[in-house]
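Residue numbers (my numbering): 2 to 210.
Next up, the structure:
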């Protein structure tokens, strides 16, 4: 049975409300780098695989764990953050600047809607979530560390609680309500265990920070 650590990246400049050029290029703050060190120290033993999102802030967070366990296989999977707003449209903006467009996206609640170049639909996100689950279930066993992002982790959890997901306005609104129901701090870890008869999830772990 595989045990998965879903790890949210450390604090980034976007998390601090600063303007950013592109979601894939956002870097960690000094505090985020410190959180990455704390995450690396939290492993009781080497994982069998270290997975990272292609986004810079997740890769920077994973780097300290990679350096602690240089013998461990490293891979990049499409577990990047849900980018539902077109990056070219919102270049050099902050989260506050994007808030009206973000609210409009979730109000529209169209799972097939794509905002523009570089954006993805809610259906695309859920497809990536399922693809990750399938790959993890095919893993022989041991501990897999997945360095990823807040909304992506929440999508994994939400989809794991629901036996069948119909991609429609109702499910999008349910997901939005789910994400608003709890806070996932930077550097937090959630442990999952996938088995043929279901899955187990830990509490949100922050004691290492």
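Cβ coordinates follow ideal geometry from the N, Cα and C atoms, glycine included.
A quick note: this is a predicted structure, and the numbers were derived from the prediction, not measured.
Taking residue i as the reference, give the member of the options with the closest Cα.
{"i": "residue 140", "options": "31, 37, 50", "result": "50"}
{"i": "residue 70", "options": "48, 62, 208", "result": "48"}
{"i": "residue 2", "options": "142, 129, 29", "result": "142"}
{"i": "residue 108", "options": "173, 33, 165", "result": "173"}
{"i": "residue 131", "options": "151, 116, 115, 166", "result": "166"}
{"i": "residue 60", "options": "129, 29, 133", "result": "29"}
{"i": "residue 41", "options": "58, 63, 181", "result": "63"}
{"i": "residue 135", "options": "86, 124, 161, 101", "result": "161"}
{"i": "residue 181", "options": "57, 151, 206", "result": "151"}
{"i": "residue 11", "options": "124, 164, 149", "result": "149"}
{"i": "residue 45", "options": "204, 66, 128", "result": "66"}
{"i": "residue 159", "options": "56, 144, 16, 177", "result": "177"}
{"i": "residue 203", "options": "168, 163, 154", "result": "154"}
Does the Cβ of residue i have 16 or more other Cβ atoms within 10 Å, making it buried, or fewer, making it exposed?
{"i": "residue 113", "result": "exposed"}
{"i": "residue 171", "result": "exposed"}
{"i": "residue 201", "result": "exposed"}
{"i": "residue 104", "result": "exposed"}
{"i": "residue 76", "result": "exposed"}
{"i": "residue 156", "result": "buried"}
{"i": "residue 126", "result": "buried"}
{"i": "residue 116", "result": "buried"}
Start and end of the alpha helix (DSSP H) containing residue i?
{"i": "residue 6", "result": "Not the alpha helix (DSSP H): residue 6 falls in the beta strand (DSSP E), residues 3-9."}
{"i": "residue 113", "result": "Looking at the DSSP string, residue 113 is not in any alpha helix (DSSP H), and its letter there is neither H nor E."}
{"i": "residue 125", "result": "123-138"}
{"i": "residue 1", "result": "Any question about residue 1 goes unanswered here, given that the chain covers just 2 to 210."}
{"i": "residue 173", "result": "170-181"}
Starting from residue i, trace the beta strand (DSSP E) in both directions and tell me its first and last residue.
{"i": "residue 195", "result": "190-196"}
{"i": "residue 146", "result": "143-149"}
{"i": "residue 202", "result": "199-202"}
{"i": "residue 75", "result": "74-77"}
Sufficient close CB pairs (3 or more, under 8 angstroms) joining the segment 74-83 to the segment 52-60: yes
Does the segment 186-200 come close enough to the segment 2-14 that 3 or more CB-CB pairs lie under 8 angstroms? yes
Check whether the segment 87-100 touches the segment 21-36, taking contact to mean three or more Cβ pairs, one atom from each stretch, closer than 8 angstroms. yes
Please give me, in chain order, every unbroken run of the alpha helix (DSSP H) with length at least 4 that falls completely inside the segment 31-69. 31-43, 57-69
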